[in-house]
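Using the numbering used here, the first residue of the sequence shown is number 131, and each one after it goes up by one.
Following: one structure in structure tokens, then a few remarks.
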Amino acid sequence: MVKKPFFGWGGPKLKYPVIKRDEKDTIREIPLPQKASILLNRPFSEFNTQLIKAGDNVKTGQRIVFREEGDEYFISTVTGTVANISEYIGYTGRNYTSIFIEDIREDRWDNWFKNVSDRDLIGNSIRFLRSLPGKPDFGGLINPTNPPNTIVINGIDEDLLVKTNQLSVINDPEGLAKGVVYLREIVNAGRIVILVPPELVSDAEKCGAEVKVIDPVYPHALPKIVMKKVLNHVVPAGKTCEDMGVAFINAEAVASLAGAFGKGVMPVNKFVTLIAKDGATMNLKVRIGTPVKAILDHLNIITTHGDRLVMGGPMRGKSIYTEDMPVSYDTDAIMIQDRDKIIINADIPCVNCGECIRACPAKIPVNMLIRFLENGLYMEAAQEYDLLSCVECGLCSYVCVARIPVFHYIMLGKNEIRRQKSMEAPNALP
131 MVKKPFFGWG GPKLKYPVIK RDEKDTIREI PLPQKASILL NRPFSEFNTQ
181 LIKAGDNVKT GQRIVFREEG DEYFISTVTG TVANISEYIG YTGRNYTSIF
231 IEDIREDRWD NWFKNVSDRD LIGNSIRFLR SLPGKPDFGG LINPTNPPNT
281 IVINGIDEDL LVKTNQLSVI NDPEGLAKGV VYLREIVNAG RIVILVPPEL
331 VSDAEKCGAE VKVIDPVYPH ALPKIVMKKV LNHVVPAGKT CEDMGVAFIN
381 AEAVASLAGA FGKGVMPVNK FVTLIAKDGA TMNLKVRIGT PVKAILDHLN
431 IITTHGDRLV MGGPMRGKSI YTEDMPVSYD TDAIMIQDRD KIIINADIPC
481 VNCGECIRAC PAKIPVNMLI RFLENGLYME AAQEYDLLSC VECGLCSYVC
531 VARIPVFHYI MLGKNEIRRQ KSMEAPNALP
């Protein structure tokens, strides 16, 4: 239910869904696709096609290095033949590399990880487990220059209608507890905290981490909001939670550690929440790399011209233009919106109603910020109107009476600043 104050300072009270215990018995497993794609968050220009190329056969769980220098790799989630490696332009113009695998057959497992998984936990976590479901950043967790003193396990998802992390908490409490043990060994952090809604406290207490209960009101599960409301730390503009000594990891990734080190098998399946056109949700178990089309076909879900597909939830998700987009390591939800229910954005000036300012949890003067962003003045927006203080909740777009895509402008502005800084870095004075 959405509650909004008539008087006073505040935004709409959007509630996170709380999973029901019988939902763990209704998980639907999607069969292996005929074709799969793996998206790497690296530009194609960095990819060495001599190390992996079209025509090569790959095994499930195989670690594949794609750069001679450095330690860049991906884990094959299926057994098949590499058909194509190409560049992919993603959200806000980011460059990715797409590895297309076809002729998929029954899993033939690569045993390299199994043979080394019982030794050197820290080294193997970096060498193999960047591709865990939930996509943990072990480079940030295992940071010799600025090691985290607190690890926060997300037992509740960041976006609305999504139940992936909650499902990981109730589905296998023993696996989550073993994952916490491995996490303690991998990361020498003095404190490990798990965040859950009040209804999942009894399940979370079994994992051995310090339990913190959060009110399931959006956007309380976002990292920077957690830092302020739970850990009593304010993250300065331009800084990250890791800079403050706090690292975040999803419950699904922690539970996957138990399967990886306990059984010596690379986790290649992902929990995904499917949000249908009518808002109903379904819990799925999907092989990473499965195209969205294969999932929709298996569930007999038909999309028509004008419908919208979103990777993620309704507040922070990103629209996709093709059903061939694959489920990735960090895909927590797939949402289908009916064309008749889509609210179209408008191209009109801000009317200065102040709704976005009242809703913003970071207290940013959004009505002024949007004027700079619309005109491409990104650095000025960051310096004068706190662009980098945005916690990326999307409430500004949700409440905008003028239907301005404020959140999209903010994400574009942040990306442009990152791009400008990356271009300036090679020319910086020593």
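The C-beta atom is built at its ideal place from N, Cα and C for all residues, glycine as well.
Pick out the complete alpha helix (DSSP H) segments inside the region 234-320, 4 residues or longer, and give them in chain order. 242-246, 251-258, 268-271, 294-301, 303-316
Paired residues, beta bridge with leucine 170 - DSSP: Stepping through the sequence shown from its first residue, residue 170 is reached at position 40. Partner(s): Thr227.
Run through the region 315-382 for me and flag every whole alpha helix (DSSP H) of 4 or more residues, listed as ranges in chain order. 331-334, 353-359
Need the endpoints of the alpha helix (DSSP H) that serine 552 sits in, please. One-based indexing of the sequence shown puts residue 552 at position 422. Where serine 552 is concerned, the enclosing alpha helix (DSSP H) stretches over 536-554.
Just checking my contact of proline 263 with lysine 400 at CB under 8 Å: how many whole Å lie between their CB atoms? Start at 1 with the first residue of the sequence shown, and residue 263 comes out as number 133. Start at 1 with the first residue of the sequence shown, and residue 400 comes out as number 270. Confirmed, Cβ separation roughly 4 Å.
Is it buried or exposed, aspartate 240, if we count other Cβ atoms within 10 angstroms and call 16 or more buried? Against the sequence shown, residue 240 aligns to sequence position 110. That one is buried.
For glycine 409, does the count of other Cβ atoms within 10 angstroms reach 16, so buried, or fall short, so exposed? Walking along the sequence shown from the start, residue 409 turns up at place 279. Glycine 409 should be labelled exposed.
Below 9 Å between beta carbons: does that hold for leucine 325 and isoleucine 283? Indexing the sequence shown from 1 puts residue 325 at position 195. Indexing the sequence shown from 1 puts residue 283 at position 153. Yes.
If you drop the 5 nearest sequence neighbours on each side, which residues of the same chain put their C-beta closer than 6 Å to that of isoleucine 157? If you number the sequence shown from 1, residue 157 lands on position 27. Excluding positions up to five away in sequence, the list reads Asn413, Lys415.
Where does phenylalanine 502 sit, in a helix, a strand or coil, going by DSSP? For the purposes of this step, residue 502 is identified with residue 372 of the sequence shown, where counting begins at 1. Phenylalanine 502: helix per DSSP, three-state reduction.
Can you tell me whether glycine 484 is buried or exposed, with buried defined as 16 or more other CB within 10 angstroms of its CB? Working through the sequence shown from its first residue, we reach residue 484 at position 354. Exposed, since its Cβ has fewer than 16 Cβ neighbours within 10 Å.
Among residues of its own chain, excluding the 5 on either side of leucine 542, which ones have a beta-carbon nearer than 7 Å to its beta-carbon? Residue mapping note: residue 542 aligns to position 412 of the sequence shown, counting from 1. These residues qualify, in order along the chain: Thr222.
Quick check: the Cα distance between alanine 166 and aspartate 186, rounded to an integer number of angstroms? Counting from 1 along the sequence shown, the entry for residue 166 is found at position 36. Counting from 1 along the sequence shown, the entry for residue 186 is found at position 56. So the two alpha carbons sit approximately 15 Å from each other.
Starting from threonine 458, follow its DSSP beta bridges and name the residues at the other end. Here residue 458 corresponds to residue number 328 of the sequence shown, with the count starting at 1. Going by the sequence as given, residue 458 is serine instead of threonine. Answer is none; serine 458 lacks a bridge partner.
Indicate whether valine 457 and valine 384 have their beta-carbon atoms separated by less than 9 Å. In the sequence shown, counting from the first residue as 1, residue 457 sits at position 327. In the sequence shown, counting from the first residue as 1, residue 384 sits at position 254. Against a cut-off of 9 Å, the Cβ pair of valine 384 and valine 457 comes out as no contact.
Taking DSSP's pairing of strands, which residues face methionine 441 in a bridge? Here residue 441 refers to the residue found at position 311 of the sequence shown. The partner list for methionine 441 (beta bridge, DSSP) reads Lys448, Ile464.
Please determine if the region 224-233 and the region 172-187 are in contact, where contact requires at least 3 C-beta pairs separated by less than 8 Å. yes
So which of Pro535, His363, Asp267, Ile425 has the shortest CA-CA distance to glutamate 159? In the sequence shown, residue 159 corresponds to position 29, counting from 1. Nearest of Pro535, His363, Asp267, Ile425 to glutamate 159, Cα basis: Ile425.
Within 10 angstroms of the Cβ of glutamate 198, are there 16 or more other Cβ atoms? Answer buried if so, exposed if not. By one-based count along the sequence shown, residue 198 stands at place 68. Counting Cβ neighbours within 10 Å, glutamate 198 comes out exposed, since fewer than 16 surround it.
Does DSSP put threonine 222 in a helix, a strand or coil? Counting from one through the sequence shown, the residue named residue 222 turns up at place 92. Threonine 222: helix per DSSP, three-state reduction.
Proximity below 9 Å, CB of glycine 375 to CB of proline 277: On the sequence shown, residue 375 is found 245 positions in, with the first residue counted as 1. On the sequence shown, residue 277 is found 147 positions in, with the first residue counted as 1. For glycine 375 and proline 277, yes; Cβs fall inside 9 Å.
If you follow the beta strand (DSSP E) that lysine 400 is part of, which residue opens it and which one closes it? One-based indexing of the sequence shown puts residue 400 at position 270. Unbroken beta strand (DSSP E) run through lysine 400: 399-405.
Whether isoleucine 534 touches cysteine 480 by CB criterion (9 Å): In the sequence shown, residue 534 corresponds to position 404, counting from 1. In the sequence shown, residue 480 corresponds to position 350, counting from 1. Yes, these two residues count as a Cβ contact at 9 Å.
Just how far apart, CA to CA, sit threonine 433 and valine 208? By 1-based counting over the sequence shown, the position of residue 433 is 303. By 1-based counting over the sequence shown, the position of residue 208 is 78. Each residue's Cα considered, the two are about 27 Å apart.
Give the list of continuous beta strand (DSSP E) stretches no shorter than 3 residues that lie fully inside the region 480-529. none
Have a look at arginine 321 and valine 341 and give me their C-alpha separation to the nearest angstrom. By 1-based counting over the sequence shown, the position of residue 321 is 191. By 1-based counting over the sequence shown, the position of residue 341 is 211. C-alpha separation (whole angstroms): 11 Å.
In the DSSP assignment, find the beta strand (DSSP E) that holds leucine 414 and state where it starts and stops. As a first step, residue 414 is located in the sequence shown; it is residue number 284 there, counting from the start. That run of the beta strand (DSSP E) goes 411-417.
Between which two residues does the alpha helix (DSSP H) carrying isoleucine 425 extend? Along the sequence shown, read from residue 1 onward, the residue named residue 425 stands at position 295. From DSSP, the alpha helix (DSSP H) with isoleucine 425 extends over 422-428.
Taking the beta strand (DSSP E) that tyrosine 203 belongs to, which residues open and close that run? Residue numbering aside, residue 203 sits at position 73 when the sequence shown is read from its first letter. Looking at the DSSP string, the run of the beta strand (DSSP E) that includes tyrosine 203 is 203-205.
Local Cβ density within 10 Å of proline 444, reported as buried at 16 or more and exposed below that: Residue mapping note: residue 444 aligns to position 314 of the sequence shown, counting from 1. Classification for proline 444: buried.
Do the region 361-377 and the region 285-295 meet, that is, are 3 or more Cβ pairs less than 8 Å apart? no
Please look up how many angstroms separate the CB atoms of aspartate 233 and threonine 190, rounded, as I've assumed it's under 8 Å. Within the sequence shown, residue 233 is the residue found at index 103, counting from 1. Within the sequence shown, residue 190 is the residue found at index 60, counting from 1. At roughly 14 Å, the Cβ-Cβ gap does not stay under 8 Å, so aspartate 233 and threonine 190 are not in contact.
Integer-rounded CB distance, given that lysine 423 should sit under 8 Å from isoleucine 466: Indexing the sequence shown from 1 puts residue 466 at position 336. Indexing the sequence shown from 1 puts residue 423 at position 293. Contact doesn't hold; Cβ gap of about 12 Å is too wide.
Given a threshold of 16 other Cβ atoms within 10 Å of its Cβ, counted over all protein chains shown, does glutamate 382 qualify as buried or as exposed? For the purposes of this step, residue 382 is taken as residue 252 along the sequence shown, with counting starting at 1. Under this definition glutamate 382 is a buried residue.
Name the DSSP bridge partner or partners of glycine 210? Against the sequence shown, residue 210 aligns to sequence position 80. For glycine 210, which the question treats as bridged, DSSP gives the partners Val188.
Beta-carbon proximity of isoleucine 355 to cysteine 523, cut-off 9 Å: Residue 355 sits at position 225 when you count from the first residue of the sequence shown. Residue 523 sits at position 393 when you count from the first residue of the sequence shown. Yes; because the gap between Cβ atoms is below 9 Å, this pair is in contact.
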